[in-house]
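K.L.:
Each residue of the sequence shown is one higher than the one before, starting from 8 at the first, in my numbering. Note that CB positions come from ideal geometry on N, CA and C, so glycine has one too. If you're wondering where the values come from, they're calculated on a predicted model, not measured in any experiment. Before I ask anything, here is the structure I am working with.
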Amino acid sequence: MNIIYVSNNMAKAKTLSMLHIVMILLAVSAISIALTLAIIVPREDGRNNPVKSLLPSQLQFSLHHPQKHLDALALQLGEMRARVMRLDTLSARLAKMAGIQEAELESVQPPGSGGPLVGAEDFTEAQLEADIAELSALIEVKSDRLNMLEVMLLQQTMQQSMLPDARPVDVGYNSSSFGRRVDPFTGRTAFHEGLDFTAAVGTPIYAAAGGVVTVSEQMPDYGKIVKISHGSGMETRYAHASELLVKVGEVVKKGQLIARVGSTGRSTGPHLHFEVRRDGAPLDPRKFLQQSAAKVAELQN
8 MNIIYVSNNM AKAKTLSMLH IVMILLAVSA ISIALTLAII VPREDGRNNP VKSLLPSQLQ
68 FSLHHPQKHL DALALQLGEM RARVMRLDTL SARLAKMAGI QEAELESVQP PGSGGPLVGA
128 EDFTEAQLEA DIAELSALIE VKSDRLNMLE VMLLQQTMQQ SMLPDARPVD VGYNSSSFGR
188 RVDPFTGRTA FHEGLDFTAA VGTPIYAAAG GVVTVSEQMP DYGKIVKISH GSGMETRYAH
248 ASELLVKVGE VVKKGQLIAR VGSTGRSTGP HLHFEVRRDG APLDPRKFLQ QSAAKVAELQ
308 N
């Protein structure tokens, strides 16, 4: 079906197809619906409200129902208070793990509160929104504290992984300590720059700390030796091995298998000669191993 009409402009006849008619009717209907909604739906205050903009979409329908709106705000306030309590608990646990006093974090604590239970009808919308805004700011502060604790724990974890406090062999015993001793070859007093662990040939040798392998080769006195740099001038050495299992430049983790016990080089029998050095100077490995043992005992208690 077509409709023909005559335009006043130059008196030309124009034809409207069925498609044009349907489009016009739809446009008129849409305008009518929009006008009707504008009349029957009350308009919200046009002022910007950052708290309302944060409300979940499912609560928007209650904006024109004051009591329901207050109930929804009160519910949100309660959930946010519970979140603050959870953040406080988590912060305390992380601070304890990091060995930090909570006071050092200067964490903001929520003010004390109490009293009889009251319903949402006892609060105004402005009061509830103010409390929500205050708690939102408090949550941001506490979240920042948690992020700071996370960074500190990460730093401690990295430092701990680079500290040579892991026992380099699981079996064997300390047959020669750090310090002055009688040299087994010359019979004279000499300074022993490490610890000797007597163990069977082939016993696994583990990295005492994470780091980068700088030496993995045969040397005259040390025999087959692995040297690992742990950063900040720290280095560990594992000598007289029967087999070397890592290469120069390889990154190793604390506790990783790096070699096997042997009796190569200047040695009287199968054992591991273990050294810890800082800036080239020898340190007593027992101080690091005892520190690790003390931490394990503390955790077990």
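Can you give me the C-alpha to C-alpha distance between residue 84 and residue 139, rounded to a whole angstrom?
P.N.:
Residue 84 and residue 139: Cα-Cα distance of roughly 6 Å.
K.L.:
Please classify residue 304 as buried or exposed, where buried requires at least 16 other C-beta atoms within 10 Å of its C-beta.
P.N.:
The pLDDT assigned to residue 304 is 48, lower than 50, so where the model puts this residue is not dependable; a value taken from the coordinates is nonetheless given after this. Classification of residue 304: exposed, given that the 10 Å Cβ count is below 16.
K.L.:
Taking Cβ to Cβ, would you say residue 146 is nearer than 8 Å to residue 101?
P.N.:
Not a contact, by the Cβ cut-off of 8 Å.
K.L.:
Span of the beta strand (DSSP E) holding residue 229?
P.N.:
Segment: none, residue 229 is in no beta strand (DSSP E) and carries neither H nor E.
K.L.:
Which runs of the beta strand (DSSP E) at least 3 residues long sit entirely within the segment 246 to 286? Give them in chain order.
P.N.:
Qualifying beta strand (DSSP E) stretches, in chain order: 264 to 268 and 278 to 285.
K.L.:
Are residue 215 and residue 196 closer than 8 Å when you measure CB to CB?
P.N.:
no
K.L.:
Tell me whether residue 202 is buried or exposed, calling it buried when 16 or more other Cβ atoms sit within 10 Å of its Cβ.
P.N.:
The residue is buried, with at least 16 neighbouring Cβ atoms inside 10 Å.
K.L.:
Is it the case that the Cβ atoms of residue 141 and residue 80 are separated by a distance below 8 Å?
P.N.:
no
K.L.:
With contact counted as at least three CB pairs below 8 Å, one residue from each stretch, are the segment 222 to 234 and the segment 179 to 198 in contact?
P.N.:
no
K.L.:
To the nearest whole angstrom, what separates the beta carbons of residue 250 and residue 273, a pair I think is in contact under 8 Å?
P.N.:
Not a contact, Cβ separation roughly 18 Å.
K.L.:
In whole angstroms, what separates the C-alpha of residue 345 from that of residue 289?
P.N.:
The shown model of the chain, from 8 to 308, leaves out residue 345, and the question about it has no answer.
K.L.:
Work out the CA separation of residue 143 and residue 86 for me, nearest whole Å.
P.N.:
11 Å
K.L.:
Kindly list the residues whose CB is nearer than 7 Å to the CB of residue 245, restricted to its own chain and excluding five residues on each side of it in sequence; keep chain order.
P.N.:
So the list reads 175, 212, 232, 233, 265, 266, 279 and 281, once near-sequence residues are dropped.
K.L.:
For the segment 155 to 215, list the beta strand (DSSP E) runs that are entirely contained and at least 3 residues long, ordered along the chain.
P.N.:
180 to 183, 186 to 189, 196 to 199, 202 to 205 and 211 to 213
K.L.:
Helix or strand or just coil, what does DSSP make of residue 217?
P.N.:
coil
K.L.:
Around the Cβ of residue 149, are there at least 16 other Cβ atoms within 10 angstroms (buried) or fewer (exposed)?
P.N.:
Label assigned to residue 149: buried.
K.L.:
Going by CA-CA distance only, name the one from 168, 163 and 91 that's closest to residue 236.
P.N.:
168
K.L.:
According to the neighbour-count rule (16 or more other Cβ atoms, all chains shown, within 10 Å of its Cβ), is residue 191 buried or exposed?
P.N.:
exposed
K.L.:
Rounded to the nearest angstrom, what separates residue 153 and residue 207 at their Cα positions?
P.N.:
48 Å
K.L.:
Note down the Cα distance separating residue 91 from residue 159, rounded to an integer number of angstroms.
P.N.:
21 Å
K.L.:
Among 269, 172, 277 and 253, which has the Cα closest to the Cα of residue 261?
P.N.:
172
K.L.:
Between residue 257 and residue 163, what straight-line distance do the alpha-carbon atoms span, to the nearest angstrom?
P.N.:
23 Å
K.L.:
Less than 8 Å separating the beta-carbons of residue 185 and residue 293?
P.N.:
yes
K.L.:
Using the Cβ count rule (16 or more neighbours within 10 Å means buried), how would you classify residue 296?
P.N.:
Using a 10 angstroms sphere on the CB of residue 296, the tally of other CB atoms reaches 16 or more, which defines it as buried.
K.L.:
According to DSSP, is residue 45 part of a helix, a strand, or is it coil?
P.N.:
Note that residue 45 scores 47 on pLDDT, short of 50, meaning its location in the model is unreliable; the coordinates nonetheless yield the value given after this. If DSSP states are grouped into helix, strand and coil, residue 45 belongs with the helices.
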